[in-house]
Structures are given as structure tokens and as C-alpha cells.
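Worksheet: the structure to be examined is printed underneath.
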Amino acid sequence: DIVTIPHGVDHDRFHPDPDAEDADLDALRRIGVHPPFVAFAGTLEPRKDVPTLVEAFSRIAPEHPDLRLVLAGGDGGGADAVRRAVGNSGVTTRIVRPGYVDGAVLPALYRRAAAVAYPSLEEGFGLPVLEALACGAPTVTTRGTAMADVADAAALLVDRGAPDQLAAALETCLTDSNTE
């Protein structure tokens, strides 16, 4: 027998919703976030490679003075490395750390992001990538990982641990209307 197993995205929650803009912006305001921003959602642990995202953001930030980086997620084993990367970034005041974000706020975070970045070194599946794509967010993730298999051509793919490639992909999301 062949059994089809759904991919696990709750399409009642994760979908584009132009009519929810006010509600989305209210939800984001409550966690200290306002557009424009690049979003990351996940526990801050070494395999998520958030320090590379911080470095990539610092490279594009000068060209986008209103842009913020939102690092949503609880502290894990990589939180100290993220704090060091943020402290050394030169754009500390433009990086927002709301901590753990309630699942009800995630769709708003993805829908209103200028880009979603998930530069993980390795994952078992990469559900945040699917959720972001389901919300219509321009998404960047890493090739050679489960996320690349999940996203395929729907996301921009970069090499793991490559801040220059990640910065270029984020720049593409911010400037190319074809990524939306």
C-alpha cells in the first residue's frame, strides 16, 4: 500500500491574507516588531547558524536604513554565539529579539516579512520554511539540507555558512518583485 502523508502545514493559519494586514500589524506591534524586517523563527541553537544570518544582515543593512532583523525564538545552546554576533554586528539597535513567539503570531511574522531567512546547517525537516512559503513570504534557506528538499525552487538557496551568499539572496528578496 502507498500512504500519502500531508506535509504538516496548517493552511488555516499559514496562508497569504491581505485582509489581515491590520490584525497582523497589531500582533507584531505587541512583540515590538514593525515592518520592514527580515524574519527568522526558531530556537537559537548552533545548527540554526543564526550568527551567519546576523553577519549577512549587517552587510545589507547600510543600503536599507529602515530594515530590521527579527530573531524570534527561545534561547538554546547557541544563544551566546548569537548575542556575540549581534554585539559585533555594528547594527545592534536594528536587531529585534522578541524571544519565543506564540504560534498565533507566527503567520503574521511570516506574512509581513520582507524576507524570511532560515540558514540552518542541518534540520530533520524544516517546518518553518514550509510555513513561511505557505504565507507567501520570500524565503532563503540552505542547499544540501532537508530545507532545500522541502522548498526546492520556491526558496532562494545558499551554501551553508556563507554570509556573502546569504546577504546577496536577502538583497534579491528585498529588491526583486519576482521573489514575492
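Quick note: to get this note's numbering, add 1423 to the position in the sequence shown (first position is 1).
From the three backbone atoms N, C-alpha and C, an ideal C-beta is built for every residue, glycine too.
(request) Count the other C-beta atoms from every protein chain shown that fall within 10 angstroms of the C-beta of residue 1496, then say buried if there are 16 or more, exposed otherwise. (result) buried
(message) Checking 9 Å against the spacing of the C-beta atoms, do residue 1514 and residue 1456 come in under that value?
(response) no
(message) Just verifying my parser: in three-state terms, what is the DSSP assignment at residue 1463?
(response) strand
(request) Please list, in chain order, all residues of the same chain as residue 1547 whose beta carbon is under 8 Å from its beta carbon, the five residues on each side excluded. (result) Counting only Cβ-Cβ distances below 8 Å, and skipping sequence neighbours, we find 1569.
(message) Assuming residue 1438 and residue 1596 are in contact, meaning their beta carbons sit under 8 Å apart, how far apart are those beta carbons, in whole angstroms?
(response) Contact doesn't hold; Cβ gap of about 19 Å is too wide.
(request) Examine the Cβ distances between the region 1457–1471 and the region 1500–1513 and report whether three or more of them are shorter than 8 Å. (result) yes
(message) Out of 1586, 1463, 1451, which one is the CA nearest neighbour of residue 1539?
(response) Comparing Cα-Cα distances from residue 1539 to each of 1586, 1463, 1451, the minimum goes to 1463.
(request) Kindly indicate which residue of 1526, 1560, 1564 has the alpha-carbon position closest to the one of residue 1583. (result) 1564
(request) Consult DSSP for residue 1428 and reduce its assignment to one of helix, strand or coil. (result) coil
(message) Quick check: what's the CA-CA separation for residue 1528 versus residue 1543?
(response) If I take the Cα positions, the gap works out to 22 Å.
(request) Report, in whole angstroms, the separation of the C-beta atoms of residue 1452 and residue 1530, which I expect to be a contact under 8 Å. (result) About 15 Å separates the two Cβ atoms, so there is no contact after all.
(request) Locate the alpha helix (DSSP H) running through residue 1518, then write down its first and last residues. (result) No alpha helix (DSSP H) contains residue 1518, which is instead part of the beta strand (DSSP E) from 1518–1522.
(request) Would you tell me roughly how many angstroms separate the C-alpha atoms of residue 1458 and residue 1428, rounded to the nearest one? (result) 35 Å
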